[in-house]
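J.:
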Amino acid sequence: CVETDGEVKCWRCSPPRFVINERFWISLFVFLWNNAFNVALGQLVISMAVALWFFTLEKGSTFVTPKALYMSVRYHLGTVAFGSFIIAAVE
C-alpha cells in the first residue's frame, strides 16, 4: 500500500469510515421512535375513522377520514408520541 503525507491511498489499508458511537445509537433510537410513531398514528386514524363511521346515523353521506385525522392529531398526538417513545425505548 502506498502512503503519502501520512495518508493511506489504498482502500484495503485505510481505517473504516463508519464508527459505532453515540451518534449511531441516537440515530437508531430516532429511527425506532419514528417507526413506532408512524405505525401508532396510522392505527389510531384507522380506528378513529371506523368509530366515526360506525356511530354516524347517515352512513356514506360524509367523509370520516379527514375528521378522524384531525381528531387524532388535535387530541391524541401526545399520547401517540409518548407511547411510541416507550416502545422505542423498550426495543
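Its first residue numbered 28, the sequence shown is counted upward by one per residue in my numbering.
No residue lacks a Cβ here, since even glycine has one placed at the ideal position from N, Cα and C.
Please read all numbers here as calculations on a predicted model, not as lab measurements.
(1) Take the Cβ of residue 116 as the centre, count every other Cβ of all protein chains shown within 10 Å, and call the residue buried at 16 or more, exposed below.
(2) Given this structure, state the Cα-to-Cα distance separating residue 93 from residue 67, to the nearest angstrom.
(3) Determine contact between the region 92-111 and the region 59-74, defined as no fewer than three beta-carbon pairs at a distance below 8 Å.
(4) In the DSSP assignment, find the unbroken alpha helix (DSSP H) run with residue 79 in it and report its ends.
(5) Using the C-alpha atoms, what's the distance from residue 32 back to residue 109?
T.: With the structure as the only source:
(1) Looking at its Cβ environment, which holds fewer than 16 other Cβ atoms inside 10 Å, residue 116 is exposed.
(2) 17 Å
(3) yes
(4) 49-81
(5) Residue 109 and residue 32: Cα-Cα distance of roughly 52 Å.
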